[in-house]
Amino acid sequence: MALLEIKKAGDPVLKEICKPIEKIDKRLRNFLDDMAETMYASEGVGIAAPQVGVAIRACVVDVDKKNRYDMINPVITFREGTVIDNEGCLSCPDLFGDVERAEKIRVEYISRFNKKKTLEAEGLLARCIQHELDHLDGKLFIDIATNITKGKKDKK
Ligand code: CO
């Protein structure tokens, strides 16, 4: 495993529409492990592939340090309710802002072992997944947040 360099806002890779992943192999699993290690080392709760410079549709999410989800080609297929809460991002150090997100979601994705998965999520997990999926479409939370402040809090 290895720590990867986190790309910061302003890097063009963070604006790319990421490509779907076609081949799920050991190389990809190693990359997911490196993403996870990088995320934990930065005390983040989610990380998307473009944040480490690779414009492919993969992200890793772990909001409770117990349940890590490696998501390949994730798609949100259901959204319910809206909730506004404060967010940050590993690519936007020390910036926080309020973002309106769906309260509950259903997300379909492919696992690291090439299995189709469906996950229903709410709360912080739902928020984090929506944040990471935005990264796969070249969107940063600071583009949609209100009340942006500088300080230290949770990072995604
Ligand atoms: Co982020």
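Following our numbering, the numbering of the sequence shown begins with 727 at its first residue and continues without gaps.
Here a beta-carbon is modelled for each residue, glycine too, at the ideal position from N, C-alpha and C.
- Contact between Q777 and S817 holds: their C-beta atoms lie close to 5 angstroms from each other, under 8 angstroms.
- Inter-residue distance for V739 and E834 is about 24 angstroms (C-alpha atoms, whole angstroms).
- In this structure, I868 lies near A735, with their beta-carbon atoms less than 8 angstroms apart.
- In this structure, V825 lies away from A774, with their beta-carbon atoms at least 8 angstroms apart.
- Taking all protein chains shown into account, V771 has 16 or more neighbouring C-beta atoms within 10 Å of its C-beta and is therefore buried.
- Per the DSSP secondary-structure output, A828 pairs in a beta bridge with T808.
- Residue state for P776 is assigned as helix, using DSSP reduced to three classes.
- When secondary structure is reduced to three states using DSSP, G849 falls in the helix class.
- Bounds of any alpha helix (DSSP H) do not take in N873; it lies within the beta strand (DSSP E) bounded by T872 to K876.
- Nearest to C744 by C-alpha distance, out of M797, D863 and K876, is D863.
- Its Cα nearest to that of I802, the residue R783 stands out among P819, R783 and E763.
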